[in-house]
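Residues in the sequence shown are numbered consecutively from -1, following the working numbering.
Ideal placement from N, C-alpha and C gives every residue a C-beta, glycine not left out.
All of these numbers come straight from a predicted model, not from anything done at the bench.
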Amino acid sequence: MKNITILGSTGSIGTNALEVIRQKRDEFNVVALSGHTNYKLIIEQIEEFNPKYVSIGTEEGFKAIKEKFPEIKLFLGREGLKQLGQLEETDIILTAVSGVIGIEATVEAIKKGKRIALANKETMVAGGVYIRKLLKEYPKAEIIPVDSEHSALFQSLSAGKRKDVKNLIITASGGSFRGKKREELKDITVADALKHPKWSMGKKITIDSSTLVNKGLEVIEAHELFGIDYDRIKVAVHPQSIVHSLVEYNDNAMIAQLGATDMKLPIQLAFTYPEREESKALDVLDLMRVGALTFEEPDMETFKGLPLAYKAGKIGGTMTAVFNAANEVAVELFMKEKIKFLEIYDIIEKAMENHIPEEVKDLETILKADQNTRNWVYEKYGK
Ligand code: NDP
Ligand code: MG
């Protein structure tokens, strides 16, 4: 029996993970769950999965859960997430909160030598340098990527040696506005940006997909996870979202992982690795129905989120934390209709120009860069 902790169990990845577990109750036990605002859903999840520990984001949710389940060890807010990161009983912790808020829990779990099933890419983008250092200090800890592209790269990297890798090729669906030019993006509404052609996901990542900032975050995530130079990480737009990413080796062989557009596979693999198990939870890919697979260059001029991410990554230090924080706030402001769609790029660009990068020595350096950037963006654009 493996004990699973899920941070963000009320979200899109979290509920998919619970579906994976639902089909394998004799193999996985839910030890802890966390939600933020949706305490009604977490109450249903507690009834079904009976976790020992729960963390919730609001006082209202805290009271409701406490009343209904007095036996549960209950935590609140950001500190609660951190507490769940420290649990001895956990075998695998799935980090599926949205945003850099997941970073402290991830750090705690590494210090406890746990397996981290990492969906929360913002953590790796903001804190990758520090997390890589920590993983060396705590060699029992391991990160198995859940992001579909990184899971595909992780799987494809087992076909050869790291020294023989020529390029990583990350695929992108192209998001809701593939093929559109800047002029056509000026008056995009929140509802337009929330319509993703292929994947059903949380709101923040769906907006990130429409700006291609998500792909930018993934380029940085790939650099931090696999230690490949930015010049050797490429992006290919692949609208069918069947090839989840590829590794090109020195002999020009390309090894890819293909699958249905279903996050349950990378989630389950992060739980069972190195085993591969069948499950009723997993969608089947029918290649005959897919028919054709196509690939094209990303439009870096229109979708500036991608070149800005390369820039932040190459500068390094705290700049990736700034790229991430500026985007998180910009997306929030866009969803509140305080800024226009294209201003998301302006905000990221200006926040980066405004920041003098520092070397990342510890978690505090990252959190400070993150907070300063948030303050700066709110101050300038949030009114
Ligand atoms: P959702 O928005 O669907 O879910 C986010 C989860 O985080 C919810 O449980 C939410 O709680 C919780 N949460 C939000 N804000 C806070 C906070 N301030 N403190 C604590 N918890 C919080 O997101 P997704 O599931 O789509 O994405 C989760 C992560 O996985 C992201 O980092 C995303 O980039 C990554 N990812 C997602 C993919 C997908 O297919 N969805 C694919 C690849 C990566 P509540 O709802 O209760 O408020
Ligand atoms: Mg992805």
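Quiz prompt | Spatial distance of phenylalanine 73 from lysine 336 (CA atoms) | solution = Indexing the sequence shown from 1 puts residue 73 at position 75. Indexing the sequence shown from 1 puts residue 336 at position 338. Between phenylalanine 73 and lysine 336, the C-alpha separation is close to 33 Å.
Practice problem: My understanding is that leucine 85 touches threonine 3, with C-beta atoms under 8 Å, so please give their C-beta distance in whole angstroms. | Solution: Taking the first residue of the sequence shown as position 1, residue 85 is located at position 87. Taking the first residue of the sequence shown as position 1, residue 3 is located at position 5. Yes, they are in contact, since the Cβ atoms of leucine 85 and threonine 3 sit about 6 Å apart, within 8 Å.
Quiz prompt | Distance between arginine 287 and valine 320 (C-alpha atoms, nearest Å) | solution = Residue 320 sits at position 322 when you count from the first residue of the sequence shown. Residue 287 sits at position 289 when you count from the first residue of the sequence shown. Each residue's alpha carbon lies about 42 Å from the other.
Practice problem: Take glutamine 21 as the anchor and find which of Glu275, Gln255 and Pro143 has the nearest alpha-carbon. | Solution: Taking the first residue of the sequence shown as position 1, residue 21 is located at position 23. Residue Glu275 is the option with its Cα nearest to glutamine 21.
Self-check item: Cβ shell of histidine 236 (< 6 Å), same chain only, five flanking positions each side left out
Solution: Within the sequence shown, numbered from 1, the residue matching residue 236 stands at position 238. Thr169 and Phe293.
Self-check item: Whole runs of the alpha helix (DSSP H) within the stretch 171 to 227, excluding any shorter than 4 residues
Solution: 180 to 183, 188 to 191, 201 to 209 and 211 to 224
Exercise. Kindly examine ligand 1 and report whether one of its heavy atoms sits closer than 8 Å to the Cβ of serine 208.
Key: As a working note, residue 208 is residue 210 in the sequence shown. Serine 208 Cβ: outside cutoff for every heavy atom of ligand 1.
Practice problem: Following the continuous beta strand (DSSP E) through alanine 30, name the residue where it begins and the one where it ends. | Solution: Counting from 1 along the sequence shown, the entry for residue 30 is found at position 32. Looking at the DSSP string, the run of the beta strand (DSSP E) that includes alanine 30 is 26 to 32.
Quiz item: If you compare alpha carbons, which of Gly75, Ile19 and Glu295 is closest to leucine 280?
Solution: Position 282 of the sequence shown, counted from the first residue, corresponds to residue 280. Closest by alpha carbon: Ile19.
Self-check item: Beta-carbon contacts of serine 208 that lie in its chain and below 7 Å, excluding the five residues immediately before and after
Solution: As a working note, residue 208 is residue 210 in the sequence shown. Around serine 208: Gly173, Ser174, Phe175 and Ala191.
Quiz item: For histidine 194, is the beta carbon positioned less than 8 Å from some heavy atom of ligand 2?
Solution: The count along the sequence shown starts at 1 and reaches residue 194 at position 196. Not under cutoff, so the answer is no.
Quiz item: What do you get for tyrosine 376, buried or exposed, if any count of 16 or more other CB atoms within 10 angstroms of its CB means buried?
Solution: As a first step, residue 376 is located in the sequence shown; it is residue number 378 there, counting from the start. Exposed is the call here.
Quiz item: Beta carbon of asparagine 212: closer than 8 Å to some heavy atom of ligand 2?
Solution: To locate residue 212, count along the sequence shown from 1; it is residue 214. Yes; taking the cut-off as 8 Å, the Cβ of asparagine 212 has a heavy atom of ligand 2 nearer than that.
Practice problem: Take the Cβ of asparagine 250 as the centre, count every other Cβ of all protein chains shown within 10 Å, and call the residue buried at 16 or more, exposed below. | Solution: Numbered from its first residue, the sequence shown carries residue 250 at position 252. So asparagine 250 counts as exposed.
Quiz item: With which residues is glutamine 255 paired in a DSSP beta bridge?
Solution: As a working mapping, residue 255 is identified with position 257 in the sequence shown. Glutamine 255 pairs with Ser243.
Quiz item: Heavy atom of ligand 1 less than 8 Å from the Cβ of asparagine 36, yes or no?
Solution: Indexing the sequence shown from 1 puts residue 36 at position 38. Yes, Cβ of asparagine 36 sits closer than 8 Å to a heavy atom of ligand 1.
Quiz prompt | Length of the line joining the Cα atoms of isoleucine 364 and aspartate 284 | solution = By 1-based counting over the sequence shown, the position of residue 364 is 366. By 1-based counting over the sequence shown, the position of residue 284 is 286. If I take the Cα positions, the gap works out to 44 Å.
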